[in-house]
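What follows is one structure encoded as structure tokens, with my remarks underneath.
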Amino acid sequence: MTGRDLRAMRPVALCLALALAAPAPLTAGARPPAVAAAPAVAGAAPDTGAPPAPGAPPAARVDDPGAPPADPRTLSYAPLRISFPKPERALLPNGLLVYLFEDHELPLVDVTIDFKAGSIFDPPDRAGLASLAATLMRTGGTETMAPDAVDEALEFMAVQISLSASADRLSGSVSAVKDRFPEALRIFASLLREPRFDAARLEVEKAREIEEIRRRYDDPADLADLDFRRLVYGASSPWARLSTVESIGRIGRDDLVEWQRRYVRPNNAVMGVAGDFAAKKMKGLLEETFRGWSNAKVTPPPVARVKDDIPAGVHLLTRPLSQTRVEIGHLGVGRFEPDKFAIKILNFILGEGGFTSRLVKEVRSTRGLAYSIGGGIGLDSDRGLFQISGSTKAGSTVEAIDLVRGILRQMREEGPAEQEVREAKEAIINSFVFSVDGTAPFMRAFLYYDFYGYPPDYLRTYRDNLAKVTRGQVAQAARKRLDPDRLVILVVGNDKEFDRPLSSLGLGEPRPVRLHAEPAAAPSGH
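Each residue of the sequence shown is one higher than the one before, counting from 1 in our numbering.
Pasting the structure below:
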């Protein structure tokens, strides 16, 4: 797992109300709901010439139907309707599953493909293999094209191709204008099927990765996030394992070739195509382009389940900083927990709702102890992280930690207010239509949920499932998912400048954390 991957996983400290955990699709062909040219005005009365009663809003004039009413609260509109595209499902002869989303609004075609592969399957002594392999598949050329030739061809055609690996997924994408798409698809298919893994490019990318590792702890926020994951999951867990200079140095071209041969198979993938095409012709083009790409049995190595044996208490990483970085939390939940929609509402109220969240209102706005703070309960393929992240001045470190613990305890014991639940639901549901704009983004969201095995109607029923959540269900989720007595608290800063000793939190003496990363194949345990 590289520094780029881990930074991408770092929770956003201060989420805006419109940036939601689940993407909400709106097709490019779909239009905003029709609104009458002149909205109905409740209670409008003819103009009698008499002056309005004291304090009453002036009545709308009937002789000017285009004029806006004086009181906007009297406006009414038709209900919002969202149209969801229905993709055509196709299974190519080689086992590649494809979803086709036709949209003729713009002369563009976008492709996304996801494979079951990623850093959690890396051999411990070669941590970073998946990320390096994905990078070299894109930058290392093909059997028939040198790396520079690929780059020049894509630049000439104004085509975008990307490949990247996360914890348990290898993702690739192509975006091209319609006329250039067949050629772009051919190059993309060659990068997947016949990567050259050019030796010179390999050395360049390894040097780049090693330099990133050496700079990994320059940013206190990165430093805190990386070590928090290692504390909660365990340093040897695949979900927190870090690449090292040694592990990257061990990776050779043969490792990349074997990785590609093992995971990049059509029957280990799902593909989506969105844009300006006819489905029948697109299926023919895909069959022709990927003909000869053989399937094979794909068996990723077993990954041990996450153990719930977190080292609760305070952990201190001493650094000469004027600002203290704090990470607070414990294990989160899996993707398919029955209370996942209640957790979404809880997260919004607690720390993901921007300025309306309790953490921001209490820690930032009321007490002025942090410029940015936020977090929530994460859902992942095994167990996500419940993580609250924030920074405060050194002289208010313990006060800020105490306040966050109090907010968590209050939420767990009392639950949210009815108004908080109502406002959170309205914000999330009303912003749903804006969170995915266009057929291609919807296709990517659809593919994501299909890849991880969500119900086929997950996006279609997303708003309805959120609307059904009650205050009692959110309170129950808080009692079940928040544990203020088993928190891992990681403090990165100068303890000589703290307002009080960390031991005054009543969680024992702080345990020192080493700054340098442990070997990639560290023994089990914390």
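Glycine included, each C-beta is placed from N, C-alpha and C at the ideal position.
Since we're looking at a predicted model, the values are computed, not measured.
Among the options, which has the Cα closest to the Cα of residue i?
{"i": "residue 528", "options": "171, 256, 488", "result": "Residue 528 falls outside the range modelled here, since the chain spans only 1 to 526, and no answer is possible."}
{"i": "residue 298", "options": "69, 488, 115", "result": "115"}
{"i": "residue 190", "options": "130, 147, 502", "result": "147"}
{"i": "residue 290", "options": "98, 68, 489", "result": "98"}
{"i": "residue 497", "options": "295, 270, 399, 219", "result": "399"}
{"i": "residue 282", "options": "90, 86, 391", "result": "90"}
{"i": "residue 212", "options": "353, 248, 181", "result": "248"}
{"i": "residue 316", "options": "182, 353, 328", "result": "328"}
{"i": "residue 463", "options": "128, 201, 268, 81", "result": "81"}
{"i": "residue 490", "options": "326, 361, 365, 393", "result": "326"}
{"i": "residue 300", "options": "120, 70, 76", "result": "120"}
{"i": "residue 308", "options": "112, 486, 86, 263", "result": "486"}
At least one CB of chain C closer than 9 Å to the CB of residue i: is that the case?
{"i": "residue 296", "result": "As a matter of chain content, chain C is missing from the structure shown, which is built from one protein chain."}
How far does the alpha helix (DSSP H) with residue i in it reach, from first residue to last?
{"i": "residue 345", "result": "340–347"}
{"i": "residue 263", "result": "253–263"}
{"i": "residue 166", "result": "Element bounds for residue 166: n/a, residue is neither H nor E."}
{"i": "residue 129", "result": "129–139"}
{"i": "residue 448", "result": "439–451"}
{"i": "residue 114", "result": "That residue, residue 114, is in no alpha helix (DSSP H); its beta strand (DSSP E) goes 108–115."}
{"i": "residue 186", "result": "181–193"}
Here's the rule: buried if 16 or more other CB atoms are within 10 angstroms of the residue's CB, otherwise exposed. What is residue i?
{"i": "residue 434", "result": "exposed"}
{"i": "residue 155", "result": "exposed"}
{"i": "residue 445", "result": "buried"}
{"i": "residue 508", "result": "exposed"}
{"i": "residue 336", "result": "exposed"}
{"i": "residue 274", "result": "buried"}
{"i": "residue 236", "result": "buried"}
{"i": "residue 461", "result": "exposed"}
{"i": "residue 472", "result": "exposed"}
{"i": "residue 233", "result": "buried"}
{"i": "residue 406", "result": "exposed"}
{"i": "residue 257", "result": "exposed"}
Measure the CB-CB distance between residue i and residue j and report whether it falls below 9 Å.
{"i": "residue 323", "j": "residue 133", "result": "no"}
{"i": "residue 293", "j": "residue 382", "result": "no"}
{"i": "residue 532", "j": "residue 84", "result": "No answer is possible for residue 532: the residues shown for the chain start at 1 and end at 526."}
{"i": "residue 495", "j": "residue 396", "result": "no"}
{"i": "residue 479", "j": "residue 384", "result": "no"}
{"i": "residue 551", "j": "residue 276", "result": "What the structure shows of the chain is the stretch from 1 to 526, and residue 551 is not part of that stretch, so it cannot be assessed."}
{"i": "residue 96", "j": "residue 266", "result": "yes"}
{"i": "residue 196", "j": "residue 142", "result": "yes"}
{"i": "residue 251", "j": "residue 126", "result": "yes"}
Could you tell me the alpha carbon to alpha carbon distance between residue i and residue j, rounded to whole angstroms?
{"i": "residue 409", "j": "residue 484", "result": "6 Å"}
{"i": "residue 511", "j": "residue 476", "result": "33 Å"}
{"i": "residue 217", "j": "residue 312", "result": "23 Å"}
{"i": "residue 536", "j": "residue 422", "result": "Not covered by the structure: residue 536. The range shown for the chain is 1 to 526."}
{"i": "residue 40", "j": "residue 151", "result": "For residue 40, the predicted structure reports a pLDDT of 40, less than 50, and the residue's modelled location is therefore unreliable. The matter cannot be settled from this model."}
{"i": "residue 506", "j": "residue 401", "result": "12 Å"}
{"i": "residue 302", "j": "residue 344", "result": "30 Å"}
{"i": "residue 72", "j": "residue 373", "result": "35 Å"}
{"i": "residue 153", "j": "residue 426", "result": "47 Å"}
{"i": "residue 42", "j": "residue 157", "result": "Note that residue 42 scores a pLDDT of 39, beneath 50, so its modelled location is shaky and nothing firm can be said."}
{"i": "residue 375", "j": "residue 221", "result": "14 Å"}
{"i": "residue 503", "j": "residue 231", "result": "19 Å"}
{"i": "residue 467", "j": "residue 348", "result": "14 Å"}
{"i": "residue 331", "j": "residue 310", "result": "8 Å"}
{"i": "residue 470", "j": "residue 362", "result": "24 Å"}
{"i": "residue 481", "j": "residue 305", "result": "19 Å"}
{"i": "residue 413", "j": "residue 318", "result": "34 Å"}
{"i": "residue 389", "j": "residue 439", "result": "34 Å"}
Just reading off the beta strand (DSSP E) that residue i is part of, what are its end residues?
{"i": "residue 485", "result": "Per DSSP, residue 485 belongs to no beta strand (DSSP E) and is neither H nor E."}
{"i": "residue 274", "result": "269–275"}
{"i": "residue 388", "result": "385–393"}
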